[in-house]
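In the working numbering, the protein residues as written are 79 to 356.
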């Protein structure tokens, strides 16, 4: 007899009893005895087995229940101990979280302090650079006047260019307003001296002299002034060419043929030698 069959969830008592009856009848028929008596004997035997199995199961249940009841206090004690340990663990976790929060706050304060120190360092470096530039400006201003006395125009232009860059890097600071005004005055003086040499170089078509003047004007960032000076220097020569063609000497007729016009245009728009203008 399979006891596991009785533990199945879909166990059907009627179906099981009918199956046993059919099995008893089949056994009796196979044995050749009286059908009813054999079946009753088999069923009686089956009932006795079920009763014995039931008693055995009951004893097992009683034994297991007794054992469970005996072990229950220890289980409750273990449960209480585990609960206490869980509560202690929760308390320790809370303490750890509090510690982590404290470390995080301390870290934020440290980062803020480092940020402040970095800002202070950056400002100190900016002040040091500004002071260095101020010292450079003062030294450069002191060196320019002797160069004017020596007529070192290219050196003057280089010094003034360096001075302008220093002032531009420092921005518009009230403390250097006087230096900016002196720079402008020095550039005006330099431009007056260079303009005469520029005029002479343009009139004589002197490429080297004109290029040197152009470099000086570029360092002063005054190329627009150079263009004005160039027009002023070239204008008289162009007017003379134009007048000679438009007003021929008395007694002569104006030459208006194609060849004369082409020649006149060539002289009027005569280009300076290569390299005169960048």
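We put the beta carbon where it would ideally sit given N, CA and C, even for glycine.
As the structure is a computational prediction, the values presented were derived from the model and not from experiment.
Short check: CB of residue i to CB of residue j, under 8 angstroms?
i: residue 192; j: residue 215; result: no
i: residue 231; j: residue 268; result: yes
i: residue 298; j: residue 235; result: yes
i: residue 304; j: residue 295; result: yes
i: residue 233; j: residue 241; result: no
i: residue 307; j: residue 273; result: yes
Measure the C-alpha to C-alpha separation of residue i and residue j and round it to an integer number of angstroms.
i: residue 130; j: residue 99; result: 19 angstroms
i: residue 90; j: residue 96; result: 10 angstroms
i: residue 238; j: residue 218; result: 8 angstroms
i: residue 179; j: residue 203; result: 36 angstroms
i: residue 172; j: residue 210; result: 57 angstroms
i: residue 255; j: residue 187; result: 42 angstroms
i: residue 372; j: residue 281; result: Outside the displayed range of the chain (79 to 356) lies residue 372, so it cannot be described from this structure.
i: residue 174; j: residue 163; result: 16 angstroms
i: residue 351; j: residue 220; result: Reliability of the predicted coordinates at residue 351 is poor, the pLDDT of 46 falling under 50, and the value obtained from them is presented with this limitation in mind. Taking the straight line joining both Cα atoms gives about 39 angstroms.
i: residue 101; j: residue 139; result: 30 angstroms
i: residue 228; j: residue 257; result: 22 angstroms
i: residue 195; j: residue 205; result: 15 angstroms
i: residue 158; j: residue 168; result: 15 angstroms
i: residue 212; j: residue 222; result: 16 angstroms
i: residue 201; j: residue 279; result: 50 angstroms
i: residue 287; j: residue 207; result: 38 angstroms
i: residue 266; j: residue 190; result: 51 angstroms
i: residue 92; j: residue 150; result: 38 angstroms
i: residue 125; j: residue 119; result: 10 angstroms
i: residue 184; j: residue 177; result: 10 angstroms
i: residue 170; j: residue 155; result: 22 angstroms
i: residue 94; j: residue 127; result: 15 angstroms
i: residue 166; j: residue 145; result: 32 angstroms
i: residue 87; j: residue 160; result: 35 angstroms
i: residue 309; j: residue 247; result: 34 angstroms
i: residue 142; j: residue 122; result: 30 angstroms
i: residue 132; j: residue 147; result: 22 angstroms
i: residue 136; j: residue 104; result: 32 angstroms
i: residue 314; j: residue 285; result: 19 angstroms
i: residue 318; j: residue 311; result: 13 angstroms
i: residue 316; j: residue 243; result: 39 angstroms
Would you kindly report the start and end of the unbroken alpha helix (DSSP H) that includes residue i?
i: residue 281; result: 255 to 281
i: residue 286; result: 285 to 297
Counting only beta-carbon separations shorter than 8 angstroms, does residue i have a partner in chain C?
i: residue 148; result: You won't find chain C in this structure, because it holds only one protein chain.
query = Any chance the region 285 to 295 sits against the region 256 to 265, with 3 or more Cβ pairs inside 8 angstroms?
reply = no
ask   = In chain order, which beta strand (DSSP E) runs of at least 3 residues are fully inside the region 189 to 242?
value = none
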